[in-house]
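Visitor: Under my numbering, the letters of the sequence shown match residues 19 to 401, in that order.
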Amino acid sequence: MDSHRQNAERLAQAKRCVLKIGSTLFVDRATGNLQRDWLEGVCADVAFMRARGQDVVIVSSGAIALGAGSLGIDPLTHRLQESQAAAAAGQIRLAHAYQEILAAHGIAAAQVLLTLDDSENRRRYLNAANTLFTLLKRGAVPVVNENDTVATEEIRYGDNDRLAARVAQMISADCLIVLSDVDGFYSADPNVDPDAEHIEEISALTDAHLTMAGGTGSAYGSGGMRTKLDAARIAMGAGCRMVIASGHVPYPLKALRQGARATWFLPGSTPRASRKQWIAGTLKPRGTLTVDDGARRALRSGRSLLPAGVTAVDGHFERGDAVRVVDRSGSELGRGLVAYPADEARAIAGQRSDAIEDILGYRGRDELIHRDDLALLIDEVGK
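(1) Mapping DSSP to helix, strand and coil, what is residue 350?
(2) When you compare the region 264-276 with the region 303-320, are there three or more beta-carbon pairs, one atom per stretch, that lie closer than 8 Å?
(3) Given 7 Å as the limit, tell me if residue 103 has its C-beta closer than that to any heavy atom belonging to the ligand SAM.
(4) Is it true that the region 118-135 meets the region 157-165, where meeting means three or more beta-carbon pairs spaced less than 8 Å apart?
(5) Would residue 253 and residue 283 be called neighbours here (beta carbons separated by less than 8 Å)?
(6) Around the C-beta of residue 237, are 16 or more other C-beta atoms found within 10 angstroms, so that it is buried, or is it exposed?
(7) Rounded to the nearest angstrom, what separates residue 269 and residue 57 at their Cα positions?
(8) Report the option in 251, 231, 61, 378 whose CA atom is closest to the CA atom of residue 206.
(9) Could you tell me the distance, in whole angstroms, from the CA atom of residue 281 to the CA atom of residue 217?
(10) Out of 197, 248, 68, 85, which has the shortest C-alpha to C-alpha gap to residue 32?
(11) By how many angstroms is the C-alpha of residue 347 removed from the C-alpha of residue 64?
(12) Verify whether the separation of the beta carbon atoms of residue 34 and residue 73 is less than 8 Å.
(13) Out of 366, 389, 388, which one is the CA nearest neighbour of residue 379?
(14) So is residue 23 buried or exposed if we call it buried at 16+ other beta carbons inside 10 Å?
(15) Am I right that residue 359 and residue 336 are in contact with their C-beta atoms under 8 Å? What's the rounded C-beta distance?
(16) Which whole runs of the alpha helix (DSSP H) in the region 77-153 are 4 residues long or more, in chain order?
(17) Is residue 178 buried or exposed, if buried means 16 or more other CB atoms sit within 10 Å of its CB?
(18) Less than 8 Å between the C-beta atoms of residue 61 and residue 120, yes or no?
(19) Residues in its own chain within less than 6 Å of residue 261 by CB, not counting five upstream and five downstream?
Here it is in structure tokens:
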């Protein structure tokens, strides 16, 4: 299959995409100003994807680079407090640019500031994920950036590549698109080695790939190919395809669809399958939900677990923890991520979902375990 058709099909098949943009692409190195024409082309690409029904989340660097010029700060400074100050000044400009340009396409932009720790702390992870899902449901394009005014290690080492992969994992994205200053992954640095070979597809990362990746990148972009391979490992582990493509062209996503050279990292499973495997085999259950026969039948037919079908709640767990789901005889049906802590789950067990607000004083999810967060045992499927 030619690269034009292959790229177009892979992008079209993705229902949910994360687009990572590095600061080297839209910040002019000489002036520190935003290259607005280029960003307008990217946002037009995003509008095209939204028009054909695809969810898009943008993970955007650039706040430090934009703010450094306006404050007279050297963008190469190693002084943490100056980088944080530059981020504070630049984030306003960055958010305004996305808001204004996307609004011209009738799309609402929403700013979401995260640190890498937010993707690793369970409670903050769930809050961030729920916010992103709600924004996507409402038709907005979330623009995620590191919360650089409070981050520390992230600023020093540059981790928006890995943050983008964590966001892709968080929202079960099908595709992570990394726009870079190179058009993919090479056997060596193509800026140094004229014999470096472009690699079109990678289905398994090896130590040899890490060796090929070398060191960090350019002045404004504090990451490099090594961080992109770290991102690829996270994305592939979540069943998400990742592509590295050049951003140094107008309308870079259009160029990618039309066959521009790129490197695809291809996982062996889908995001849904990878998530189910993670729930079933990786997380330690913190409690048990016992369900009645009607709920058991509903689960086997692919539906979510509602409070009404739960007859008992055991254990001490928090929202987002893994729990076992068993029938009246104690036989395990599967495992899932519960939407309420143990005390609240006990309060609403056996009740209709429309009674949750009266019982708890707030309206949470209608399900105790959503079907996307539930992994049934193999022998339960199809019974």
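Don't be surprised by glycine CBs; every beta carbon is placed ideally from N, CA and C.
Small disclaimer: the values here were computed from a predicted structure and weren't measured.
Guide: With the given structure in hand:
(1) strand
(2) no
(3) Looking at this structure, you won't find the ligand SAM or any other ligand, since it has none at all.
(4) yes
(5) yes
(6) Only weak support exists for where residue 237 lies, its pLDDT of 35 falling under 50; the coordinates are left without a value.
(7) 9 Å
(8) 231
(9) 6 Å
(10) 68
(11) 51 Å
(12) yes
(13) 366
(14) exposed
(15) 5 Å
(16) 81-89, 98-121
(17) buried
(18) yes
(19) 195, 280, 282
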